[in-house]
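Colleague: Residue numbers (the working numbering), protein chains in the order written: chain A, 1196 to 1417; chain B, 282 to 355.
Where a beta carbon is used, it is the ideal one built from N, C-alpha and C, also for glycine.
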């Protein structure tokens, strides 16, 4: 039971986010209106993706330093989980844009940046799965992953904030959106961020344990 | 074990639907039940919670299956 406590906590936090996020009184926002509540559901998808890609690049660097294949496997699992959440962020963003901007896709800098990010990481999974030799695969994937991460931050944050983007929060510097948020919204948006990231970790945990059974030779030799 | 879980879960859902419909019958004219309030936003909350419960339930089942596999491995 001891190792399940954070999964129970995840469930409780996300249940709170779903109930309070829908029922909380929001400030009057002439443009966003009720869709500001996407802050609790759409935006965290990207935070989960960023978190997963960050963890992935850390394990890639670890792999290059220690040359142990288990770090390569962990790194790849983080990318796959991050891609799923990124795809969810993309779809929910397009649903929102269809109503707010009139079209699901309008080549907004934020949209293009996010799409490029997803494509770069999709290319990572294809590159990794196309190499049969484990050591070569590990090294190439790790180096590619570091380059992808170096592109990720400019594509998602820096470039959209310098171009004319319609996306809410784009005119601000990164994380500025959190500071300017209405006091009340913070009681939901911060737990939402945490809760969704923990859900991502839960799914990662399941995937990694599967890999441990699939590839016992990598994980048993410490 | 899984069968017992599935049974309890479906009975729980049955119970919830009973409660929902009982309120429906009782408050048909008063429009006072929480789920029948004006904007019916509570209904959406119920739907979201149901979907969320389903996802968590699925994750827990995956955990159970994995635990079994892990025990077999060791």
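At what residues does the alpha helix (DSSP H) containing residue 1413/A begin and finish?
Modeller: Looking at the DSSP string, the run of the alpha helix (DSSP H) that includes residue 1413/A is 1411 to 1415.
Colleague: Excluding sequence positions up to five away, which residues of its chain have a Cβ less than 6 angstroms from the Cβ of residue 343/B?
Modeller: So the list is empty, once near-sequence residues are dropped.
Colleague: Using 7 angstroms as the threshold, is the C-beta distance between residue 1350/A and residue 1308/A below it?
Modeller: Contact: yes.
Colleague: Can you round the beta-carbon distance between residue 1283/A and residue 1315/A to whole angstroms, since I take them to be within the 8 angstroms contact cut?
Modeller: Rounded, the Cβ-Cβ distance is 18 angstroms, inconsistent with contact.
Colleague: For residue 1337/A, I'd like the list of residues in its chain whose CB is within less than 6 angstroms of its CB, leaving aside the five on either flank, ordered along the chain.
Modeller: Only 1255, 1258, 1259 meet the Cβ criterion.
Colleague: Do you know offhand how far residue 1333/A's Cα is from residue 345/B's?
Modeller: Going by the C-alpha atoms only, they are around 31 angstroms apart.
Colleague: Which class does residue 335/B belong to by DSSP, given the choice of helix, strand or coil?
Modeller: Helix.
Colleague: Measuring CB to CB, does residue 329/B end up less than 7 angstroms from residue 316/B?
Modeller: No, Cβ-Cβ distance for residue 329/B and residue 316/B is not below 7 angstroms.
Colleague: If we count the other Cβ atoms within 10 Å of its Cβ and call it buried at 16 or more, is residue 1369/A buried or exposed?
Modeller: Because the pLDDT at residue 1369/A is just 48, under 50, the model does not fix this residue reliably, and the point stays unresolved.
Colleague: If you compare alpha carbons, which of 1274/A, 1359/A, 1354/A is closest to residue 1318/A?
Modeller: Closest option to residue 1318/A, Cα to Cα, is 1274/A.
Colleague: Buried or exposed: which applies to residue 1200/A, given that a residue is buried once 16 or more other Cβ atoms fall within 10 Å of its Cβ?
Modeller: Exposed: under 16 other Cβ atoms inside 10 Å.
Colleague: Can you give me the Cβ contacts of residue 1216/A inside the same chain, cut-off strictly under 8 angstroms, excluding the 5 residues immediately before and after it?
Modeller: Once the five neighbours on either side are set aside, the close Cβ partners of residue 1216/A are 1232, 1235, 1236, 1383, 1387.
Colleague: Interface residues of chain A around residue 315/B at Cβ under 7 angstroms?
Modeller: Correct list: empty, because the minimum Cβ distance to chain A is about 11 angstroms.
Colleague: Using 10 angstroms around the beta-carbon of residue 1381/A, count the other beta-carbons present and answer buried if the total reaches 16, otherwise exposed.
Modeller: Exposed, since its Cβ has fewer than 16 Cβ neighbours within 10 Å.
Colleague: What are the residues of the stretch 1205 to 1218 of chain A that lie near chain B, defined by any Cβ-Cβ distance shorter than 8 angstroms?
Modeller: Within the stretch 1205 to 1218 of chain A, the residues whose Cβ lies closer than 8 angstroms to some Cβ of chain B are 1206, 1209, 1210, 1213, 1214, 1217, 1218, listed in chain order.
Colleague: Between the beta-carbon of residue 1413/A and the beta-carbon of residue 1322/A, is there less than 7 angstroms?
Modeller: No, these two residues do not count as a Cβ contact at 7 angstroms.
Colleague: Quick one: Cα of residue 1341/A to Cα of residue 331/B, how far?
Modeller: Straight-line Cα distance between these residues: approximately 40 angstroms.
Colleague: Give a yes or no on whether 7 angstroms exceeds the smallest Cβ distance from residue 1404/A to chain B.
Modeller: For residue 1404/A, the answer is yes, since a Cβ of chain B falls inside 7 angstroms of its Cβ.
Colleague: Can you give me the start and stop residues for the alpha helix (DSSP H) that residue 1258/A sits inside?
Modeller: 1237 to 1261 is the span of the alpha helix (DSSP H), which, as asked, contains residue 1258/A.
Colleague: Measuring only the C-alpha atoms, how far is residue 304/B from residue 319/B?
Modeller: For residue 304/B, the predicted structure reports a pLDDT of 49, less than 50, and the residue's modelled location is therefore unreliable. The matter cannot be settled from this model.
Colleague: For residue 1362/A, which of helix, strand or coil comes out of DSSP?
Modeller: The answer is coil: DSSP assigns residue 1362/A none of H, G, I, E or B.
Colleague: Quick one: list the residues of chain B neighbouring residue 1397/A, beta-carbon separation under 7 angstroms, in chain order.
Modeller: Here the neighbours are 340.
Colleague: Using a cut-off of 7 angstroms between C-beta atoms, extract the partners of residue 325/B located in chain A.
Modeller: Within 7 angstroms Cβ-Cβ: 1217.
Colleague: Here's the rule I'm using: 16 or more other beta-carbon atoms within 10 Å means buried, otherwise exposed. How should residue 300/B be labelled?
Modeller: Because residue 300/B carries a pLDDT of 49, less than 50, the predicted location of this residue cannot be relied on, and the following value inherits that uncertainty. So residue 300/B ends up on the exposed side.
Colleague: Could you give the residue range of the alpha helix (DSSP H) that holds residue 1270/A?
Modeller: 1264 to 1295 is the span of the alpha helix (DSSP H), which, as asked, contains residue 1270/A.
Colleague: Helix, strand or coil: which one does DSSP assign to residue 1221/A?
Modeller: Coil at residue 1221/A, not helix or strand.
Colleague: Secondary structure at residue 1403/A, three-state DSSP: helix, strand or coil?
Modeller: In the structure shown, residue 1403/A sits in a helix (DSSP, three-state: H, G or I).
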